[in-house]
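One structure is given below, encoded as structure tokens.
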Amino acid sequence: MRERRIERASGFILDMDGVLYLEDSPIEGASETVRKWREKGKKVIFLTNNSSLSRRMYVKKLSKMGIRADEREIITSAYMTALYLQRRCEETLLYVVGERGLREELKEAGLEMVGEEEAETATHVVVGIDRSFSYDKIAASLSALSRGAKLIATNPDPTYPTGRGLLPGAGAMVAAISKCSGKRPLIVGKPSLRMYEFALRILGMKPGEVVAVGDRVDLDIKPAKKLGMISVLVLSGVSGRDSPIPKEAYFPDYVVDRISDLEVNRWKR
Ligand SMILES: [Mg+2]
544 MRERRIERAS GFILDMDGVL YLEDSPIEGA SETVRKWREK GKKVIFLTNN SSLSRRMYVK
604 KLSKMGIRAD EREIITSAYM TALYLQRRCE ETLLYVVGER GLREELKEAG LEMVGEEEAE
664 TATHVVVGID RSFSYDKIAA SLSALSRGAK LIATNPDPTY PTGRGLLPGA GAMVAAISKC
724 SGKRPLIVGK PSLRMYEFAL RILGMKPGEV VAVGDRVDLD IKPAKKLGMI SVLVLSGVSG
784 RDSPIPKEAY FPDYVVDRIS DLEVNRWKR
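Under the numbering used here, the first residue of the sequence shown is numbered 544, with each subsequent residue one higher.
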């Protein structure tokens, strides 16, 4: 029985938007499922491309939904971007297009940021989702990039799922800035393998022992399959029953309506 692979898994890496919640509304059964996995001794990592909140803010958000999480179990594209830039040897000065959570992570990593007026002095332009995106921010980014700054994207998500349908994601902002500057971004979040590899290191597990759960084939399933993890596509977020069928190489190992369908106990007869 193929489901044994999930039952036997030691770790779970869970995408958040569309898997655990849609904006502030929890997805039915998500908290119970995570709790039951923990009771069985499974380790859980919460991992998101969404850079709008810091790890601390995600702990609070999850807790409001009845999901207990430690800051060390949360990996976000904002945090990964901060770690990536922190490891650069050269001096960095950042112009940031993004929200509070991203700034908080960059600040915590000891990175320096400049405002719009001094944007042209920046060494890196960091772009994440920004729901106050504007023409002035594109122009400030362009002034830095045309003077040699590097373009870093927290993630390329074109959209994110909400209860009211899809809304524009960071990829839309990255595209505008990339288009006018002619610069291709370095992408820190999924589908680059960085975040999943980091999660595996924290879990201390091999890819084959870990289940990756996500709602997007291109961003969640593709990198999971590349690394050899057990992959599960949920249909509670961006992907639906009418979504195009992915290429065979990226076909998820399991497709379920929602995360609670994976509850281990259900398979015990
Ligand atoms: Mg998602």
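Virtual Cβ for every residue (Gly too), placed ideally from N, Cα, C.
Its Cα nearest to that of residue 782, the residue 795 stands out among 686, 619, 795, 770. In this structure, ligand 1 has no non-hydrogen atom nearer than 7 Å to the beta-carbon of residue 783. Taking a contact to require three or more Cβ pairs closer than 8 Å, the region 665-685 and the region 580-595 qualify as touching. Cβ neighbours of residue 606 within its own chain (closer than 8 Å, five residues either side excluded): 612. For ligand 1, no non-hydrogen atom lies closer than 7 Å to the CB of residue 679. Listed in chain order, the beta strand (DSSP E) elements of length 3 or more contained wholly in the region 749-791 are 753-757, 773-777. Distances from the CB of residue 756 to the heavy atoms of ligand 1 are all 7 Å or more.
Taking the Cβ atoms as the reference, residue 562 lies roughly 7 Å from residue 779, within the contact range of under 8 Å. When the alpha-carbon of residue 665 is set against those of 745, 677, 693, 750, the nearest one is in 693. Taken from the Cβ of residue 801, every heavy atom of ligand 1 lies 7 Å or farther away.
Distances between the C-beta of residue 708 and the heavy atoms of ligand 1 are all 7 Å or more. Per DSSP, the unbroken beta strand (DSSP E) holding residue 655 starts and ends at 655-657. For ligand 1, a non-hydrogen atom lies closer than 7 Å to the CB of residue 558. Relative to the non-hydrogen atoms of ligand 1, the Cβ of residue 780 comes within a distance shorter than 7 Å of at least one.
Counting every other CB atom within 10 Å of its CB across the protein chains shown gives residue 724 a total of 16 or more, marking it as buried.
By the CB criterion at 8 Å, residue 623 and residue 737 fall inside the cutoff.
Taken through DSSP and simplified to helix, strand or coil, residue 554 comes out as strand. Looking at the backbone, the Cα of residue 659 and that of residue 734 are separated by about 30 Å. Note on geometry: alpha-carbon atoms of residue 572 and residue 773 lie some 21 Å from one another. By the C-beta criterion, the region 745-752 is judged not to be in contact with the region 574-581, since fewer than 3 inter-stretch pairs fall below 8 Å. A Cβ-Cβ distance of about 7 Å is found for the pair residue 629 and residue 653, placing them in contact under the 8 Å criterion. The alpha-carbon separation between residue 776 and residue 803 amounts to approximately 12 Å.
With respect to residue 584, residue 752 sits apart: the two C-beta atoms are not nearer than 8 Å.
When DSSP states are grouped into helix, strand and coil, residue 568 belongs to the strand group.
Less than 8 Å separates the beta-carbon of residue 638 from that of residue 683.
DSSP places residue 708 inside the beta strand (DSSP E), whose first and last residues are 708-711.
Around the beta carbon of residue 686, 16 or more other beta carbons sit within 10 angstroms, so the residue counts as buried.
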